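For reference, the structure is listed below as structure tokens.
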Amino acid sequence: MHPLSPFTCRRLGQLPRLTSVWECDRRSLEAYAQAISAHDPTASKNSEQGDCILWVDTLQGMVRGLSVVPKETGHEAVVRALLQAIESPQGNANPARPRKVVVCNREIQFFLRGALQDLDIDVEYAFELPAVDQVFEKLQAAEAQSKSLSAATEELLFDKSNRLWQDAPWQHLSEQEILAIELNCWDIDTLYLSILGIAGIDYGLLFYRDLKSLRQFRHQLRQREDFSKGMQQAFLEQNCLFLNFHLAEDVIPIRTPQAAGGNPAHQSSIVDCEFGSIHPLEGLRSQIVEEEALSLIVVLEALHRFLKKHDISTPEFALGPVNSRFRIPNPSRQTKQAAGSVSETVSVKIFTVPEVSAAFLAETVEPDLSVIGPLGEAPLGEVVSEDTAPLIDDSVPEGALIMIGSHPNKKLEPLRKSDRIHYQSFLIPPDKLPKAKAHWPVLTIQATRPKAHQLVQQIQQEGGLQAICFNAGSDPVSGQIFQVGLLQTALGHLHLFNEYEVDSSSDNQALDRWQKASEQNNRCGGCIIATGASGSKRGRPTGKEVIAFFELRDRQPEEIGLVPLVMSYAVDWDQPE
């Protein structure tokens, strides 16, 4: 056993010492796996094979630390969990040391005594740990409560959801293009479907229980000047069922010949499906009851048939009158949940609502034709040094789609030759030019027509784009860690175009694909500016929507003098009276 280093002891010794006693225990997760994973997102997918280490402050009655580790991990993990509970406690607790810790395992007691001998923390043994027992009892109760669906219903629901993931309706329909689903069963009349995912970031389906709730939420989104203020309240005032798709972590998608031409995110990917409900009076509920699950099974099957029957890739599909009726097998009979006599099938009608979709699409167009002047503080023609280069975070138009991917050189060649498209070759010639058959990593920014032209003009006023960079960043308030996407102009200004969360599997996969394509292309890439963010080509611009193509270098942060960024918050002293 190794004692803590003098440096660590000095660092911890500077923290305040509480009068409270902390309890700790290490227990198998076989009975708590699902509940623990909801509290600890770092828990392994095979967490039922591991142990949970829990540190509880008995005086404040709060969990300060929770870790999930493999069974074979030694008692060092208990010390690591304690250090985390001291320096980075869960919740809103402040960093602090306990006066005494109590455990119910003699081996752990002796191990902690040796490891903590220089921290002035007493280590005692007790036969029972009431505070820890209470936490585990609550976790076990949450585990039992979460199993609100029968096994047959749950299996059928996940089967329908995974099949709809393969259908990928977000490749053709945006969240503004609404479908109505008339069910008239399980106390549900008509659901209004909004599809998320056309930007390739978050995938999901929102089934609004009434049109009023959908309109109200979109109205609040439009009217709110500060997107962060009050948005939690607006979110909780929705009235809908939801299905979210998350790419499963630690799984390498298998590329099959059948999927070779499709979206990379859907090529034999394994997804986690998350179901829930939002209601103005209930708030967010992360479990659904049996009747809600049965209704979703029927709706998802009907939607799958609708997508197979109709070509939703047709331009402005949702703006035309389309409707179909399907008879879906009643899952109550399949899952043996029927009480009394029930019909063998459920009649479902799915139809477009052109007037609603047209109104929502029109709301996304902002007819602001004013031309914004040069960004940054330096006058035109004056090159800003990399050490003092301004970081500008409002260059990308609000509502624009940010997509990173790779394109074969032959598809980029027409963009270089078009008289209609603004084309810029490398401002800084690469040491080695890409091969003719190479795939280029390309950043695509798609905005409405006036906003896209404004962005191109701003870039031209700064001499064009010379580099793209992904730099580490963090938010000390929320503890969030992310990768910041930056574009560097000829003046040296850095324009932030997106933030990619380190904890997001979809963001990580997108950045990994970019990195691989960049390395194979001699660290050369491109940036496309396109229009059509509010039309039928939203999320999938063609050559007709492209108005600018810039060739640029993919550079490392240290190459342009960047250090990890830390988000800061400015105080607004000019509050209106």
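Quick note, in UniProt numbering, the sequence shown goes up one by one and the last residue is 577. Built from N, CA and C at the ideal position, the CB exists for glycine as well. Note that the structure is a prediction, hence the values are computed from the model and not measured.
- Query: Which word fits I350, buried or exposed, when buried means at least 16 other C-beta atoms lie within 10 angstroms of its C-beta?
  - Reply: For this step, residue 350 is matched to residue 350 along the sequence shown. Burial call: buried.
- Can you tell me the Cα-Cα spacing of P541 and K308, whole angstroms? For this step, residue 541 is matched to residue 541 along the sequence shown. For this step, residue 308 is matched to residue 308 along the sequence shown. Answer to the nearest angstrom: the Cα atoms are 24 Å apart.
- Alpha carbon to alpha carbon, how far is N184 from I481? Give it in angstroms, no decimals. By one-based count along the sequence shown, residue 481 stands at place 481. By one-based count along the sequence shown, residue 184 stands at place 184. Their Cα atoms are separated by approximately 46 Å.
- Segment contact flag, the stretch 509-526 with the stretch 424-435, C-beta cutoff 8 Å, min 3 pairs: yes
- Query: Would you say A472 touches the ligand ZN, meaning its beta carbon is less than 8 Å from a heavy atom?
  - Reply: As far as ligands go, the structure on display features none, and thus does not contain the ligand ZN.
- Item | Beta-carbon proximity list for L206, same chain, < 6 Å, skipping 5 on both sides | For the purposes of this step, residue 206 is identified with residue 206 of the sequence shown, where counting begins at 1. By the criterion of a C-beta distance shorter than 6 Å, L206 is surrounded in its chain by S194, C240, F242, once the five residues flanking it on both sides are discounted.
- If you check the beta carbons only, do P408 and L455 fall under 9 Å apart? As a working mapping, residue 408 is identified with position 408 in the sequence shown. As a working mapping, residue 455 is identified with position 455 in the sequence shown. Not closer than 9 Å, so no.
- Query: By Cβ distance, which residues of its chain are closer than 8 Å to E499, with the 5 residues on each side in sequence left out?
  - Reply: Residue 499 sits at position 499 when you count from the first residue of the sequence shown. Result list for E499: G473, F482, Q483, V484, G485, in chain order.
- Query: Can you tell me the Cα-Cα spacing of K544 and I328, whole angstroms?
  - Reply: Residue numbering aside, residue 544 sits at position 544 when the sequence shown is read from its first letter. Residue numbering aside, residue 328 sits at position 328 when the sequence shown is read from its first letter. Answer to the nearest angstrom: the Cα atoms are 41 Å apart.
- Query: Taking I297 as the reference, which of L156, K516, S518 has the closest Cα?
  - Reply: By one-based count along the sequence shown, residue 297 stands at place 297. The shortest C-alpha separation from I297 is found at L156.
- Residues that DSSP places opposite H279 in a beta bridge: Here the question's residue 279 lines up with position 279 in the sequence shown. Note: H279 sits in a beta bridge opposite G283.
- Message: Would K451 and A362 be called neighbours here (beta carbons separated by less than 9 Å)?
- Response: Numbered from its first residue, the sequence shown carries residue 451 at position 451. Numbered from its first residue, the sequence shown carries residue 362 at position 362. Contact: no.
- Message: Helix, strand or coil for Q34? Go by DSSP, reduced to three states.
- Response: Along the sequence shown, one-based indexing puts residue 34 at 34. Residue confidence for Q34 is low, a pLDDT of 49 falling below 50, so the modelled location carries little weight; the figure read from the coordinates is stated next. Helix, per DSSP.
- Query: Could you give the distance in angstroms between the alpha-carbon of P557 and the alpha-carbon of N92?
  - Reply: Indexing the sequence shown from 1 puts residue 557 at position 557. Indexing the sequence shown from 1 puts residue 92 at position 92. Cα-Cα distance, rounded: 33 Å.
- Item | Given G463 as reference, the closest of A490, L173, I445 once Cα atoms are compared | The sequence position of residue 463 within the sequence shown is 463, counting from 1. Cα-wise, what sits closest to G463 is A490.
- Output yes or no for whether 9 Å exceeds the beta carbon distance between L112 and L82. In the sequence shown, residue 112 corresponds to position 112, counting from 1. In the sequence shown, residue 82 corresponds to position 82, counting from 1. Less than 9 Å separates the beta-carbon of L112 from that of L82.
- Please determine, among G61, F110, L116, the residue with the shortest C-alpha to C-alpha distance to R80. Reading the sequence shown from its first residue, position 80 is the one you call residue 80. Measuring from the Cα of R80, the nearest candidate turns out to be L116.
- Item | Distance, S150 Cα to A293 Cα | Residue numbering aside, residue 293 sits at position 293 when the sequence shown is read from its first letter. Residue numbering aside, residue 150 sits at position 150 when the sequence shown is read from its first letter. Cα-Cα distance, rounded: 10 Å.
- How would you call S5, buried or exposed, if buried means at least 16 neighbouring beta carbons within 10 angstroms? Sequence index remark: in the sequence shown, residue 5 carries index 5 (1-based). Counting Cβ neighbours within 10 Å, S5 comes out exposed, since fewer than 16 surround it.
- Message: Let's test the definition: count the other Cβ atoms within 10 Å of the Cβ of H75 and tell me whether it reaches 16, buried, or not, exposed.
- Response: Residue 75 sits at position 75 when you count from the first residue of the sequence shown. Its Cβ being crowded by 16 or more others within 10 Å, H75 is buried.
- Message: Buried or exposed for P367, going by 16 or more other Cβ atoms inside 10 Å?
- Response: As a working mapping, residue 367 is identified with position 367 in the sequence shown. With a pLDDT of only 35 at P367, under the threshold of 50, the placement of this residue in the model should not be trusted, and no figure is reported.
- Contact set for E72: own chain, Cβ-Cβ below 7 Å, skip 5 residues either direction: Within the sequence shown, residue 72 is the residue found at index 72, counting from 1. Excluding residues within five positions, none has a Cβ falling inside 7 Å.
- Task: Taking only the alpha-carbon atoms, compute the straight-line gap between R285 and A234 and give it to the nearest angstrom.
- Result: Position 285 of the sequence shown, counted from the first residue, corresponds to residue 285. Position 234 of the sequence shown, counted from the first residue, corresponds to residue 234. Each residue's alpha carbon lies about 16 Å from the other.
- Message: Relative to the C-alpha of G50, which candidate in R27, K410, V21, G61 has its C-alpha closest?
- Response: On the sequence shown, residue 50 is found 50 positions in, with the first residue counted as 1. Taking only the C-alpha atoms, the option nearest G50 is R27.
- Query: Looking at the unbroken beta strand (DSSP E) that takes in H407, where does it start and where does it end?
  - Reply: Position 407 of the sequence shown, counting from 1, holds the residue named residue 407. Start and end: 401-408.
- Item | Close Cβ partners of H495 (< 6 Å) along its chain, the five nearest in sequence each way excluded | Your numbering for residue 495 matches position 495 in the sequence shown. I392, S395, L487.
- Name, in chain order, the residues that DSSP records as bridge partners for F351. Your numbering for residue 351 matches position 351 in the sequence shown. Note: F351 sits in a beta bridge opposite A180, N323.
- Query: For P331, which of T345, D133, Q14, V502 has the nearest alpha-carbon?
  - Reply: Working through the sequence shown from its first residue, we reach residue 331 at position 331. Out of T345, D133, Q14, V502, T345 has the C-alpha closest to the C-alpha of P331.
- What does G485 pair with, by DSSP beta-bridge criteria? Here residue 485 refers to the residue found at position 485 when the sequence shown is read from its first residue. DSSP, once it has assigned bridges, lists F470, N498 as partnering G485.
- Around the C-beta of E175, are 16 or more other C-beta atoms found within 10 angstroms, so that it is buried, or is it exposed? Along the sequence shown, one-based indexing puts residue 175 at 175. With 16 or more other Cβ atoms within 10 Å, it is buried.
- Return the chain-ordered list of same chain residues with a C-beta closer than 7 Å to the C-beta of F127, the five sequence neighbours on each side being excluded. Locating residue 127 in the sequence shown gives position 127, where the first residue counts as 1. If we look at F127 and ignore the five residues flanking it on each side, its Cβ neighbours are C104.
- Same chain, Cβ closer than 7 Å to S536, five either side skipped, listed in chain order: Looking up residue 536 in the sequence shown gives position 536. Closer than 7 Å at Cβ, skipping near neighbours: P315, E316.
- Taking 9 Å as the cut-off, decide whether the C-beta atoms of T352 and I178 are in contact. Locating residue 352 in the sequence shown gives position 352, where the first residue counts as 1. Locating residue 178 in the sequence shown gives position 178, where the first residue counts as 1. Taking 9 Å as the Cβ cut-off, T352 and I178 qualify as a contacting pair.
- Query: Under three-state DSSP, which class holds S357?
  - Reply: Taking the sequence shown and counting its residues from 1, one reaches residue 357 at position 357. Three-state result, S357: helix.
- Query: What residues match up with P70 in a beta bridge as DSSP calls it?
  - Reply: If you number the sequence shown from 1, residue 70 lands on position 70. Paired residues: G50.
- Item | Length of the line joining the Cα atoms of P3 and D120 | Stepping through the sequence shown from its first residue, residue 3 is reached at position 3. Stepping through the sequence shown from its first residue, residue 120 is reached at position 120. So the two alpha carbons sit approximately 13 Å from each other.
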